[in-house]
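As structure tokens, the structure follows; a few thoughts come after it.
Protein chains in written order, with the working numbering: chain X, 848 to 1052; chain A, 9 to 621; chain L, 63 to 167.
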């Protein structure tokens, strides 16, 4: 049996699936995402249950600024596109393309987070704090959990970019990027439901 | 073919702390589970001692509440679940002809997270009091207004443990899907592997609900959140939904592996193929699916209304159908077989009527109008102990006697085994059968005493005697373990004339499981070869070097990191949180950056071992 | 586990991707669906019940497109991914049902 390192610079067609380890990681990650569907599902359920419970403090309709939400949505959506382009570069064995598009993804993710932190800061000043009402607690928990996922993704992908400078694209590093790409798409899918259920439905009432 | 990097091998304690070998991890789970089982059992004995006579004042009030909370929480989360995981780790890779699990490192991490979470929870006894709001921790009782720090230990301890369980489940799912030996299609897998597969799916979907519930309770208690604070618009029914969306599948997570063990034991000791294999698989899948559709039966008296109650009543009763299919299949397996009443089989045969009684009272509880009478009485306590002890614990004991030789290379003593069985079995029925009647006569659950001459005296007395007898049985089992461990290796590879792949390799299993991956030609893979006149499995590959994963101390350190963070959250020392989570993240970073290439067992070593065997 | 090469995968030849066309389409579609959703809320005279259903459907459609195209769910080898994601979605839906129907009365 050959050693664990790929030889002679020739990568197989879909390098992330070329080893059992890679296939295991991808399947394992999909299963983890299925668990996350239930995790966010129950967080959403909690929010839906409590979204009109504002005995004190501003309501959703009073708080939310749709243009800022639209910008955040556009940023995250674009970052999901750039991560797809990164995966395509992975399949073309194009290391610089992969690293470049992933770096753009990370920058867009960071921009999203900065906007979100600013948003929370504004809300706190308007009297919408974590402990203000059941609506507030469930809002910050749901949207905050999503934000924490974005932050983790930013740190994770940055780590992958940095280590791949040294290691190059191999059958060991490829599954890591593929799985990180899946994660990033997933948190964008979750955001689709957040802007719909939290912000848009919040405005509707 | 030497490797350029040094091979890390540890011995003694360090071997156990750094192991990524699923067989050793299985033993760790069994040992930890047994330890917590004894702890939970002691808590039970103290409860029953207090209830031996009416109007006693040995353990009253908040002390009693701590005992009953910890008994339930410990037994379900820290005893039953790890014992189940212990057998899954020890047996499933062997049953599918795999050399290892898909993620050995993550497997180890799962164990250490479970263990440190359990440790955190039990430290509460020494740090101001254990949680006292019941294992179900309903707010507002479990909120910061009505409960002390004990509930924080509950929240953080279970959260940490729960993460371990979830990643363990992902590990088994990928292992079973991707790493079966050639020829082992899904419909040729042994039933224990099937039930492990469905159980892992249940864990995957149930534990996130618990995670969210615990996060919300934690945010309310520690950060002043308002999920369950009615004055700020919160809703306590939300907790109940989240807890039981987890809690109901949880009991199927406990019992399905026990069902799998019973299937293996009954067919082996009837010398007969399991009757109705396909229907067994289908029934298991159906039970798994329905498990998520019945949770409101724990909330019939909350006031959700007749439509909700009716829907969930029907769904709950429906689950009895595939369960009944399984019971009949076990009976038909034994019918016409050459039955040997080894201790393992005694447990399996004792399981059948005991679990059926528990299931039957479950169907009684499923009728909402009746449940309005039964709810929160000892009738419910009787029901769930019948299914959990009569079902899960009996199944685990059966598995212990059955697989002990494969794990340790020795047999448990059969005479001591039979004493264990009879004392525990009789004690079990003495303890819990009267409790149904105590409940029907109106004794509520979670009460620390009762008045004399209300008709409750005799039932409680007998119940406590039964509990003592179960304690005696458990002690006999512990003696049996010590006796067995002190003997030299005495078990052959296949002491029971087994049917499945784990019996085709030496006892205890070698580090690499299979020198050559076997070729599977049918259901009951080993039996098929035996009936064809072969002495063992046909290999599916030539002898060659075997890749093994490297041991690592990181899983233990990561778990310690979260343990420290848990303390930080409980005591509002957020620097500790940052340090603890930081430790965990640094370990994750190290794991990501330094790829583990493992090490190899060379062909010459395998040939030598083969010659010795 | 071993990271050795899987003999069945093609050596050296780059993956014959179907090209970025589908990905760009998904991107544009996502933007459009998002714009429709925002529009339904901003242009305020529609019936509240209708708007809530409309928003839900738009979100689900967008999520499905992203899952199928960006996460390769339509490619072969994704049977388990699809099965488990669907199961997770069903369970999430039961949690939603609890939140909507069995929470306040």
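In this text, a Cβ means the ideal position worked out from N, Cα and C, and glycines have one as well.
Residue 312 of chain A has a beta carbon lying at 8 Å or more from every beta carbon in chain X.
Within chain X, 927, 931, 1032 have C-beta atoms less than 7 Å from the C-beta of residue 132 of chain L, given in sequence order. A contact between stretches requires three or more CB pairs, one per stretch, nearer than 8 Å, and the stretch 388 to 407 of chain A meets this requirement with the stretch 425 to 444 of chain A.
Annotated three-state conformation of residue 609 of chain A is strand, per DSSP. Listed along chain A are 243, 245, 246, each with a C-beta nearer than 7 Å to that of residue 165 of chain L. Beta-bridge partners of residue 961 of chain X (DSSP): none assigned.
The beta carbon of residue 253 of chain A falls within 8 Å of a beta carbon belonging to chain L, placing the residue at that interface. Within the stretch 160 to 185 of chain A, 185 place their CB atoms closer than 7 Å to a CB of chain L, listed in sequence order.
The beta-carbon separation of residue 244 of chain A and residue 394 of chain A, rounded to 30 Å, does not stay under the 8 Å limit for a contact.
Beta-bridge annotation (DSSP): residue 556 of chain A is paired with A:607. Residue 127 of chain A has its alpha-carbon roughly 13 Å from the corresponding atom of residue 45 of chain A. Here residue 549 of chain A has 524, 525 as same chain residues with Cβ atoms under 7 Å from its own Cβ, once five neighbours each way along the sequence are excluded. Only 871, 874, 877, 878, 880, 881, 882 from the stretch 871 to 882 of chain X bring a Cβ to less than 8 Å from some Cβ of chain L. When the beta-carbon positions are compared, residue 563 of chain A and residue 117 of chain A come within less than 8 Å of each other. Cα atoms of residue 1009 of chain X and residue 107 of chain A: separation of roughly 33 Å, rounded to the nearest angstrom. By the Cβ neighbour-count rule, residue 188 of chain A is buried, with 16 or more other Cβ atoms within 10 Å of its own. Taking the beta carbon of residue 94 of chain L as reference, no residue of chain X falls within 8 Å; the closest one sits roughly 11 Å away. Annotation: the continuous alpha helix (DSSP H) that includes residue 285 of chain A extends over 285 to 298.
With a threshold of 8 Å between beta carbons, residue 153 of chain L makes contact with chain A.
Within a 10 Å sphere around the beta-carbon of residue 493 of chain A sit fewer than 16 other beta-carbons, which makes this residue exposed. Per DSSP, residue 81 of chain A has no beta-bridge partner at all. Straight across, the Cα-Cα distance linking residue 960 of chain X with residue 1043 of chain X is about 18 Å. Comparing alpha-carbon positions, the option among L:120, L:163, L:156, L:161 lying closest to residue 301 of chain A turns out to be L:156.
In the DSSP assignment, residue 110 of chain L falls within the alpha helix (DSSP H) that extends over 110 to 127. Bounds of the alpha helix (DSSP H) holding residue 465 of chain A are 465 to 494. For residue 391 of chain A, the CB contacts under 7 Å within the same chain, skipping 5 residues up- and downstream, are 366, 369, 370, 373 in chain order.
By the C-beta criterion, the stretch 318 to 325 of chain A is judged not to be in contact with the stretch 272 to 289 of chain A, since fewer than 3 inter-stretch pairs fall below 8 Å. Taking a C-beta distance under 8 Å as the contact criterion, residue 889 of chain X and residue 946 of chain X do not qualify as a contact pair. Within the stretch 228 to 281 of chain A, complete alpha helix (DSSP H) segments of at least 4 residues are found at 244 to 276, given in chain order. Here the alpha carbons of residue 285 of chain A and residue 421 of chain A stand approximately 31 Å from one another. A distance below 8 Å between beta-carbons, with the five flanking residues on each side excluded, links residue 68 of chain A to the following residues of its chain, in chain order: 58, 456, 457. Straight-line measurement puts the Cα of residue 465 of chain A at about 25 Å from the Cα of residue 396 of chain A. Under the 8 Å Cβ criterion, the stretch 967 to 987 of chain X does not count as touching the stretch 205 to 216 of chain A, having fewer than three qualifying pairs. Cβ-Cβ separation between residue 1046 of chain X and residue 911 of chain X: approximately 5 Å, consistent with a contact (criterion under 8 Å).
For residue 51 of chain A, the CB contacts under 6 Å within the same chain, skipping 5 residues up- and downstream, are 75, 78, 79 in chain order. For residue 924 of chain X, not one C-beta of chain A is nearer than 8 Å to its own C-beta.
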